[in-house]
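Each residue of the sequence shown is one higher than the last, beginning at -19 in our numbering.
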Amino acid sequence: MTLQPALQPIVCCIGNPVAGNPTQFVMSRAAKDCGLDWRFFTSQVAEESFDAAVRGVQALGMQGLVVLEPFQSLIIPKLDTVTQSALRLQRVTVARSDGNSWLGDNLFPTAIWQAIDNAAPKQLDAPILPEKREFASDSVSDVEVPAKIARTLFVGSESLFDSLVMSRPRLECEMERWIPGTSLSTDEKFDSEGAAAWSAVVFERVPDLATSKALLGLSWGDSPRIACLDASFSSEGRKAREQFLNRGFLAIEPVEWMVCEAMANFAFWTGVTPPVDGIRESLEEYLQW
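Okay, structure coming up:
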């Protein structure tokens, strides 16, 4: 039996364990900031009760789900539709009810791209091209131009790399996955895009000393570069962060992609993009506890 959706949209966060997950705290505040009468709550579910829990969420007409471990793979066959990115990762982290069907997604790759875009310079100084020189003052050697990401080097699993490729916002952004211990094919390419382009390195986990040394040995040229380090909360992550900062990289803190993922998840359920400052303040406050 399927009941009519509740008048107040409800999103349930399920997992085991659920302690330390900020979803309910952050999303409840975001709903209030957006003037939405949505309810978010958290439930720790025993693994043997998972099937019953999902049936209950669907039968009670709830609007959505946050799926934590160990259920992110187990939820897939219980949904009507799952995005290609989530299927490639074999992990669904959010789901929503679309009328009589349920859609599952994993917005982590989208959040990584958004965090990179937020950190990147929007305008850069680039040399004036020879064909444009006659229109420029002799005292002006550079011109401000829109910046773009030219290339992204990814260090991590093939599945996450594929999902990042699927989720990239601009097709002209070249991507390469590097496996530590293999040769790098990006050395000259990173230095050939010109000053109007910038580069990013994305790590799925903390890079070891050899990995960092190999990457920092690339010829990065004068263009801006960004290191997205998904581990700066750890001592190893902090050390890696310092290494890249010393080479002129902009380092993206984990809280930044967490903000982007929370915003994307909230919009996935509600169709409304919450204020970024409110999401960041809520996450930072929760992480201090």
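Don't be surprised by glycine CBs; every beta carbon is placed ideally from N, CA and C.
Local Cβ density within 10 Å of threonine 61, reported as buried at 16 or more and exposed below that: By the neighbour-count criterion, in which a residue is buried when 16 or more other Cβ atoms sit within 10 angstroms of its Cβ, threonine 61 is exposed.
Arginine 272 vs phenylalanine 141 beta-carbon contact at 7 Å: This structure gives no information on residue 272, because the portion of the chain shown stretches from -19 to 269.
Distance CB(glutamine 38)-CB(asparagine -4) smaller than 7 Å: The answer is no: Cβ separation not under 7 Å.
Stretch pair the region 182 to 197 + the region 64 to 76: three plus CB contacts closer than 8 Å: In this structure the region 182 to 197 does not lie against the region 64 to 76, because fewer than three pairs of beta carbons, one per stretch, are closer than 8 Å.
Supposed contact pair valine -2 and leucine 67 - C-beta distance, whole angstroms, cut 8 Å: No, leucine 67 and valine -2 are not in contact; Cβ-Cβ is about 25 Å, not under 8 Å.
Three-state secondary structure (DSSP) of valine 181: Strand, per DSSP.
Straight-line gap, proline -11 to alanine 95 (C-alpha atoms, nearest Å): Counting only the Cα atoms, alanine 95 lies some 29 Å from proline -11.
Residue nearest to arginine 227 in terms of C-alpha spacing, selected from Leu195, Asp257, Cys14 and Val252: With distances taken between CA atoms, arginine 227 lies nearest to Leu195 out of Leu195, Asp257, Cys14 and Val252.
Beta-carbon spacing of alanine 242, leucine 87 below 7 Å: It is not a contact, given that the beta carbons lie outside the stated cut-off.
Whether phenylalanine 5 touches tyrosine 266 by CB criterion (7 Å): With respect to tyrosine 266, phenylalanine 5 sits close: the two C-beta atoms are nearer than 7 Å.
Range of the contiguous beta strand (DSSP E) that encloses alanine 231: Here the beta strand (DSSP E) through alanine 231 covers 230 to 232.
Continuous alpha helix (DSSP H) stretch holding glutamine 268: start and end: Start and end: 256 to 268.
Neighbourhood of tryptophan 82 by C-beta distance below 6 Å, restricted to the same chain and skipping five residues each side: If we look at tryptophan 82 and ignore the five residues flanking it on each side, its Cβ neighbours are Leu59, Asp60 and Ala75.
DSSP state of serine 215 mapped onto helix, strand, coil: DSSP, reduced to helix, strand and coil, places serine 215 within a helical segment of the structure shown.
Sheet register partners of glutamine 24 (DSSP bridge): In DSSP, glutamine 24 forms a bridge with Gly(-5).
Assumed close pair alanine 207, alanine 231 - CB separation to whole angstroms, cut-off 8 Å: Between alanine 207 and alanine 231 the beta-carbon gap is near 5 Å, inside 8 Å, which marks them as a contact.
Counted within 10 angstroms of its Cβ, other Cβ atoms place aspartate 85 as buried (16 or more) or exposed: The residue in question, aspartate 85, is buried, as its Cβ has 16 or more Cβ neighbours within 10 Å.
Minimum C-alpha distance to tryptophan 200 - residue among Arg218, Phe229, Gln223 and Lys219: Residue Phe229 holds the alpha-carbon nearest to the alpha-carbon of tryptophan 200 among Arg218, Phe229, Gln223 and Lys219.
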